[in-house]
Amino acid sequence: RRRIRSIQKLIRIGKIEPMLVLRVDKEKRYVDLSKRRVAPEDVPAFEEKFAKSKMVHSIMRHVATKFEKDMMEILQMACWPMYEQYGHAHQALKEAILKDEDIFSKLQTEVPENIKGAILEDAERKFAAQGIRFGASVDVSFSGYEGVDAVKRALKAGMLLSDEKKPEEGGAEVSITLIAPPQYNVNVKCTEKPVGQEKINAVIAAIQKAITKEGEDCVADRHHIPLTSQCCKPCAGKM
Numbered sequence: 003r004r005r006i007r008s009i010q011k012l013i014r015i016g017k018i019e020p021m022l023v024l025r026v027d028k029e030k031r032y033v034d035l036s037k038r039r040v041a042p043e044d045v046p047a048f049e050e051k052f053a054k055s056k057m058v059h060s061i062m063r064h065v066a067t068k069f070e071k072d073m074m075e076i077l078q079m080a081c082w083p084m085y086e087q088y089g090h091a092h093q094a095l096k097e098a099i100l101k102d103e104d105i106f107s108k109l110q111t112e113v114p115e116n117i118k119g120a121i122l123e124d125a126e127r128k129f130a131a132q133g134i135r136f137g138a139s140v141d142v143s144f145s146g147y148e149g150v151d152a153v154k155r156a157l158k159a160g161m162l163l164s165d166e167k168k169p170e171e172g173g174a175e176v177s178i179t180l181i182a183p184p185q186y187n188v189n190v191k192c193t194e195k196p197v198g199q200e201k202i203n204a205v206i207a208a209i210q211k212a213i214t215k216e217g218e219d220c221v222a223d224r225h226h227i228p229l230t231s232q233c234c235k236p237c238a239g240k241m
C-alpha cells in the first residue's frame with residue numbers, strides 16, 4: 003500500500019480508467035482496484051469490452067423497465083445465458099441483428115416472446131446508431147504533367163477500398179473530401195475499432211502507392227484517431 007497525496011493525479015472525475023480487480027469484499031461491500039497492474043497494451047481491449055458491456059446493460063435495463071420486471075430477472079433469463087453460449091452478450095445480439103440468427107433457441111433458459119422481441123428491437127436500434135469514425139488529414143499533390151488527374155487517380159485508389167457491406171453489416175465505408183489543396187480528409191465509418199484502424203491504414207497506403215506510381219514520392223508523416231459518431235472532425239496529420 004502507498005499513500006496518495008493527490009487523488010486528482012491518480013484519477014479524474016468523469017474519465018474512464020481501466021483497472022484490475024484485486025479483491026471483492028461482499029460483507030463490507032467494497033472493491034480493491036489497481037491501476038498500476040494494468041498493462042498499457044491491454045487498455046484498448048478493456049475499453050472496447052466495457053463499451054460492449056455498457057451497451058448490453060442499457061438494453062436489458064430498458065427492457066426490464068418497459069415490462070416492469072426486476073433487472074436481475076432479465077439478466078438471469080436472457081443476458082447471462084448469452085454470455086455462457088457466445089462468450090459475450092454483445093456478440094450474441096450482433097449475430098441476431100446482422101445474421102438473423104435465432105440466438106434464443108440456443109439458450110438454456112426460456113425467454114417469453116414479448117421479452118425476446120423487446121431485446122431484439124432495442125439491440126437493432128443500438129447497432130444502427132452505433133458507429134465509429136476514423137479520420138486522417140493527408141496531403142496529396144503531383145507536380146508532373148498529369149497534375150490534378152494524377153491526384154484524382156490516387157484518391158480513387160483509396161476510395162475503391164470501401165466495402166460493399168454497410169457499416170452496420172460489418173463493413174467499412176470510406177469517404178475522401180477536399181479541405182484545401184493539397185489537403186484532404188480521409189474518413190472511415192465502421193462498427194468495429196480494429197476494422198477501422200486496418201481500413202484507414204490500407205486507404206492511406208493505397209493513395210501513397212498510387213501517387214508514387216505516377217512518378218512522385220509522397221512520403222510524409224501521418225496519424226489518425228478514432229472519432230465517435232457525434233464527433234466527426236478530422237484529426238491533424240499529413241501524408
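The sequence shown begins at 3 in my numbering and counts up one residue at a time.
Virtual Cβ for every residue (Gly too), placed ideally from N, Cα, C.
Could you give the distance in angstroms between the alpha-carbon of Ile202 and the alpha-carbon of Ile99? 26 Å
Residues bridged to Glu115 (per DSSP): According to DSSP, Glu115 bridges with nothing at all.
Which same chain residues end up closer than 7 Å to Leu24 when comparing Cβ atoms and leaving out the 5 residues on each side of it in sequence? Asp34, Leu35 and Ser36
For Arg135, count the other beta carbons within 10 Å of its own beta carbon; 16 or more makes it buried, fewer makes it exposed. Which is it? buried
At what residues does the beta strand (DSSP E) containing Arg25 begin and finish? Leu22 to Asp27
Per DSSP, which one or two residues make a beta bridge with Asp141? Gln185
When you compare only the Cα positions, how much space is there between Gly172 and Thr193? 7 Å
Quick one: which unbroken alpha helix (DSSP H) runs of 4-plus residues sit fully inside the segment 27-104? Chain order, please. 45-68, 73-76, 82-88 and 91-101
Applying the criterion that 16 or more other CB atoms from any shown protein chain within 10 Å of the CB defines a buried residue, is Ile121 buried or exposed? buried
Only counting the same chain, and skipping five residues up and downstream in sequence, which positions put a Cβ closer than 7 Å to that of Gly133? Pro169, Lys191, Thr193 and Ser231
Let me make sure I understand the geometry here. Which of Arg31, Val65 and Gly160 has the alpha-carbon closest to that of Lys118? Val65
If you reduce the DSSP assignment to three classes, tell me which class Leu157 lands in. helix
Any idea if Ala130 is buried or exposed, counting beta-carbon neighbours within 10 angstroms, 16 or more meaning buried? exposed
Ser143 to Leu180, Cα distance in whole Å? 12 Å
Identify the continuous alpha helix (DSSP H) that holds Leu1 and give its terminal residues. Only positions 3 to 241 of the chain appear in this structure, which leaves residue 1 out of reach.
Given a threshold of 16 other Cβ atoms within 10 Å of its Cβ, counted over all protein chains shown, does Gln210 qualify as buried or as exposed? buried
Could you check the C-alpha separation between Pro196 and Glu50 for me, to the nearest Å? 10 Å
Rounded to a whole number of angstroms, what is the C-alpha to C-alpha distance between Cys220 and His92? Low local confidence applies: a pLDDT of 49 at Cys220 is under 50, so the model's placement there is unreliable, and no value is given.
Looking at Ile213 and Ala138, is the spacing between their C-beta atoms short of 8 Å? no
Taking Cβ positions, are Val153 and Leu163 nearer each other than 8 Å? no
Using DSSP's beta-bridge definition, name the partner residues of Thr179. Asn187
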